[in-house]
Structure formats: C-alpha cells, structure tokens
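Each residue of the sequence shown is one higher than the one before, counting from 17 in the working numbering.
For each residue, glycine too, the CB sits at the ideal point set by N, CA and C.
Worksheet for the structure shown next.
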Amino acid sequence: MNVSSETKFRLGIVTGLQFEADIVRRLRGQTGGRIPGDDSLAVCCLGPRPARAGDAARSLIEDGATALLSFGVAGGCDPALPPGTAIVATGIRDLGAGSEILYTNRDWQR
C-alpha cells in the first residue's frame with residue numbers, strides 16, 4: 017500500500033479475540049468498533065485463524081485504513097515468554113499468493 021503525504025494516516029487494528037479488541041477500545045476510552053470522533057483508528061475482530069484475520073484486514077482497508085497492526089496477547093506463542101513481551105514480525109507470509117513472504121520495515125524491528 018502506498019501512502020502519499022496527502023493521505024491522512026488511519027490505523028486499522030486487527031485482533032483475533034474479542035477481549036483483545038476490548039483492550040484497545042478501553043485504552044481509547046471507547047466501546048464501539050470505530051472510535052467515535054476519531055477517524056484515525058479503527059479496530060476489527062472477526063475471530064482467530066488466518067482467513068478471519070485477512071477478512072478483518074480487508075474490511076479495515078475498505079473502511080479507509082492506511083496502515084494495519086495485528087494486536088494480541090500472543091498467549092499461545094511460547095509459555096516461557098513473560099507477560100508484556102513484544103513480538104515484532106520480520107515478515108508476513110501471504111497465504112493467498114503462493115506463500116510469498118512480505119518483509120516488514122527493518123526500522124520497526126528495533
């Protein structure tokens with residue numbers, strides 16, 4: 017996705033579990049899917065599984081998101097990880113395009 021300097025930044029947050037979406041909304045002091053009075057952020061939760069995450073991402077993009085963030089508690093990743101551990105992906109596998117890997121920005125990985 018190319019974002020020009022004229023495009024207003026709008027973050028779309030994808031979660032797999034409703035309580036994760038609720039965390040984001042609580043931090044913003046709101047309860048709905050969109051943040052009332054603030055069109056710079058939207059949250060979408062359509063459930064776990066890659067296909068549902070893809071559907072949520074597409075929905076957010078159709079609704080005007082210019083950037084996407086996948087947010088979750090990652091409770092099943094590794095039981096050895098302490099609470100509060102941030103996991104930053106180095107790449108994203110596009111399951112719909114022959115398993116192509118889309119690498120993330122190296123600056124985000126610092």
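Measure the alpha-carbon distance for residue i versus residue j and round it to whole angstroms.
{"i": "residue 78", "j": "residue 39", "result": "23 Å"}
{"i": "residue 96", "j": "residue 90", "result": "12 Å"}
{"i": "residue 76", "j": "residue 93", "result": "25 Å"}
{"i": "residue 118", "j": "residue 27", "result": "19 Å"}
{"i": "residue 80", "j": "residue 73", "result": "11 Å"}
Using the three-state DSSP reduction, which class does residue i fall into: helix, strand or coil?
{"i": "residue 53", "result": "Bear in mind that the predicted position of residue 53 carries a pLDDT of just 49, short of 50, making it too unreliable to give a figure here."}
{"i": "residue 62", "result": "coil"}
{"i": "residue 96", "result": "coil"}
{"i": "residue 111", "result": "coil"}
{"i": "residue 33", "result": "coil"}
{"i": "residue 80", "result": "coil"}
So, at 8 Å on beta carbons, what are the nonlocal neighbours of residue i in its own chain, with the 5 sequence-adjacent residues on each side left out?
{"i": "residue 25", "result": "19, 56, 82 and 83"}
So which of the options has the shortest CA-CA distance to residue i?
{"i": "residue 121", "options": "115, 85 and 114", "result": "85"}
{"i": "residue 110", "options": "27, 100 and 67", "result": "67"}
{"i": "residue 107", "options": "115, 101 and 100", "result": "115"}
{"i": "residue 33", "options": "70, 104 and 63", "result": "63"}
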